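Reviewing the structure listed below.
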Amino acid sequence: MRTITREEVRSHLYHAQHLVIPADSLQAAAGVCGFQNSPPGTWLCAAFNRLPACSVQQLQQELDEGEGIVQAWSLRGAPWIFPLSDASVFLDALCAKEGEAWIYTNGLRYCQKEIGVPFSVLLEELMQCLQILKQEPVVSKQRLDQVLAAAMYARIPSVLQPLWQAASPFAKGQLYGEAIVSFLLRPASFQRGIVFGPRQKGSPTFTAFPLTASQKDTASDAACRSLVCRFLHAYGPGDVKGFAKWTGMELPQARRLWELAEHERTSVMYQGREYSIWKRDTYDKQQAVEAVMLLPPHDPLLDLWDRDLLLEDRNLQRMVWKTVQNPGVVMQNGRICGIWRSKKQKTVNELHIRLLTDIDTKSLHIWIKAYEQFLGQKILVDISRP
12 MRTITREEVR SHLYHAQHLV IPADSLQAAA GVCGFQNSPP GTWLCAAFNR
62 LPACSVQQLQ QELDEGEGIV QAWSLRGAPW IFPLSDASVF LDALCAKEGE
112 AWIYTNGLRY CQKEIGVPFS VLLEELMQCL QILKQEPVVS KQRLDQVLAA
162 AMYARIPSVL QPLWQAASPF AKGQLYGEAI VSFLLRPASF QRGIVFGPRQ
212 KGSPTFTAFP LTASQKDTAS DAACRSLVCR FLHAYGPGDV KGFAKWTGME
262 LPQARRLWEL AEHERTSVMY QGREYSIWKR DTYDKQQAVE AVMLLPPHDP
312 LLDLWDRDLL LEDRNLQRMV WKTVQNPGVV MQNGRICGIW RSKKQKTVNE
362 LHIRLLTDID TKSLHIWIKA YEQFLGQKIL VDISRP
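Per the working numbering, the sequence shown starts with residue 12, numbered consecutively.
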């Protein structure tokens with residue numbers, strides 16, 4: 012059995028994620044493993060590092076048109092940007108089968124006894140109510156929950172109606188029915204019931220799935236295999252637990268998909284343990300990246316399970332991978348050498364960088380200059396050194 016080194020893995024991941032050789036299109040860049048878009052807009056920086064010749068206006072227009080790429084709740088229930096042609100991989104493959112828990116629905120399971128109505132019944136009613144999005148988009152997530160909860164009220168069993176109108180245990184000022192809708196929207200998204208539309212005045216909009224791709228059958232085995240292969244290509248060597256964490260699935264569902272991809276996987280030794288890689292990947296050491304680049308919070312590269320590969324100091328890792336409000340990172344030679352946060356003003360962007368190791372900032376300023384041109388806005392930089 013082949014043994015793969017960290018240097019080989021680091022080199023492979025950079026190339027697999029188009030951080031060495033740019034992708035030839037946004038669809039190619041997003042098709043590797045998608046872009047998480049939280050906080051809203053962070054995907055643009057991730058795309059810039061993979062498509063440096065594009066402008067922010069070009070990328071945003073392509074997303075807003077919703078023909079080549081689309082944004083929907085996907086992996087881990089987060090807003091995700093991916094090619095519309097890959098909806099079967101980034102949505103259908105996430106659908107749970109009977110006996111499996113749906114992604115992002117733990118809150119509902121904890122109060123299932125109190126609700127007293129099967130999850131499947133509520134989800135079916137929500138899918139019917141989502142038809143209203145074909146007439147008019149809804150602006151803001153809070154308003155979406157309210158509109159759909161009101162539409163479902165007349166459709167749910169009468170025994171549930173008093174609880175539906177009661178105060179939610181999850182958020183102040185929220186009704187119980189609105190909370191139920193909020194949890195159900197992720198499974199509804201996996202079934203192509205809803206997507207994000209263009210933002211309006213800083214708020215998200217929600218609309219129906221594009222008509223040309225709204226019809227689907229049960230998730231095919233091919234789509235499930237493809238999701239496993241994309242995980243291994245972007246983050247391998249890996250195992251089923253890493254796949255479950257990346258997707259947000261519980262282990263029974265993750266194992267089902269993992270087994271479907273058995274003939275797409277090859278076993279290797281990595282860090283003293285047996286893992287899988289995608290059989291098409293060679294892990295030959297390739298051209299290294301020496302130039303500095305800034306990756307945004309939740310950049311696809313930062314989703315890797317072996318965080319020591321990018322940053323060996325466990326204390327510093329806790330500064331990078333946080334529960335909420337993750338910073339962006341400064342990368343050089345395939346390793347994290349700093350963190351950054353930005354603050355957008357009317358005419359400029361403030362960029363606050365904290366270096367964790369001392370580096371030559373010439374390459375850093377070259378990246379910032381290129382990013383200024385991408386944004387079409389001036390960037391004011393503040394750098395603190397160790």
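Ideal Cβ positions, reconstructed from N, Cα and C, are used throughout, including at glycine.
Just so you know, these numbers come straight off a predicted model, no measurement behind them.
Option nearest residue i by Cα separation, candidates the options
i	options	result
V335	Q38, H274, R266 and S49	S49
M342	H363, L306, K333 and Q356	L306
A39	I92, T216 and Q211	I92
A272	K296, S66, A83 and A104	A104
V31	V251, P308, A302 and C240	A302
T358	K389, T372 and A234	K389
G283	G249, A381, S353 and P63	G249
E147	T216, N326, E109 and A27	T216
P51	A34, Y115, G79 and K152	K152
P263	A162, C140 and K108	K108
Cβ shell of residue i (< 8 Å), same chain only, five flanking positions each side left out
i	result
G77	L95, V206, G208 and P221
I350	M330, V331, P338, G339, V340, V341, I364, R365 and L367
D393	E361, L362, H363 and I364
Q172	Y164
Delimiting residues of the alpha helix (DSSP H) encompassing residue i
i	result
W257	V251 to T258
L375	K373 to L386
Q82	Q82 -> not in any alpha helix (DSSP H); beta strand (DSSP E) instead, spanning I80 to W84.
R154	K152 to Y164
W269	L262 to L271
V192	Y187 to F201
T53	T53 to R61
L222	Taken as a continuous stretch (DSSP letters only), L222 belongs to no alpha helix (DSSP H), as it is neither H nor E.
V67	V67 to E76
L238	D232 to Y246
I126	Q123 to I126
L133	F130 to C140
L305	Taken as a continuous stretch (DSSP letters only), L305 belongs to no alpha helix (DSSP H), being part of the beta strand (DSSP E) at M304 to L306.
Reduced DSSP secondary structure (H/G/I, E/B, other) of residue i
i	result
L102	coil
P397	coil
P173	helix
G283	coil
Q343	strand
K389	strand
Q47	strand
R276	strand
F181	coil
Q146	coil
L327	helix
R21	helix
Beta-carbon proximity of residue i to residue j, cut-off 9 Å
i	j	result
A199	Y187	no
L196	D156	yes
G88	M138	no
L243	E285	no
Q211	V150	yes
L362	I379	yes
A299	S22	yes
L375	I347	no
F46	P311	yes
V20	D314	no
Q403	L55	Missing from the structure shown is residue 403; the chain here goes from 12 to 397 and no further.
W289	C240	yes
L133	I167	yes
L268	M260	yes
Q142	A219	yes
L86	T258	yes
G387	S131	no
Start and end residues, beta strand (DSSP E) containing residue i
i	result
H363	V359 to L366
C348	R346 to K355
W113	Where W113 is concerned, there is no enclosing beta strand (DSSP E), given that its DSSP letter is neither H nor E.
S425	Coverage of the chain is limited to positions 12 through 397, which leaves residue 425 absent and any answer about it impossible.
M12	That residue, M12, is in no beta strand (DSSP E); it is neither H nor E in DSSP.
Q38	Counting along the chain, Q38 falls outside any beta strand (DSSP E), though it belongs to the alpha helix (DSSP H) covering L37 to A41.
V206	V206 to Q211
P90	P90 to P94
Same chain, Cβ closer than 6 Å to residue i, neighbours up to 5 away in sequence not counted
i	result
A190	S179 and F181
C235	A104, L268 and L271
A57	F46, P307 and D310
R352	P338 and H363
S99	A234
Close beta carbons around residue i, own chain, < 7 Å, minus the five adjacent residues each side
i	result
I193	Here residue 193 turns out to be Ser, not Ile, going by the sequence shown. The residues are D156.
C17	Inspection of the sequence shows that residue 17 is occupied by Arg rather than by Cys. These residues qualify, in order along the chain: L320.
M304	N60, M342 and W378
P397	L366, L367, T368 and D369
F254	V239, F242, A265 and W269
K354	E361
A381	P63
K296	E18, E19 and S22
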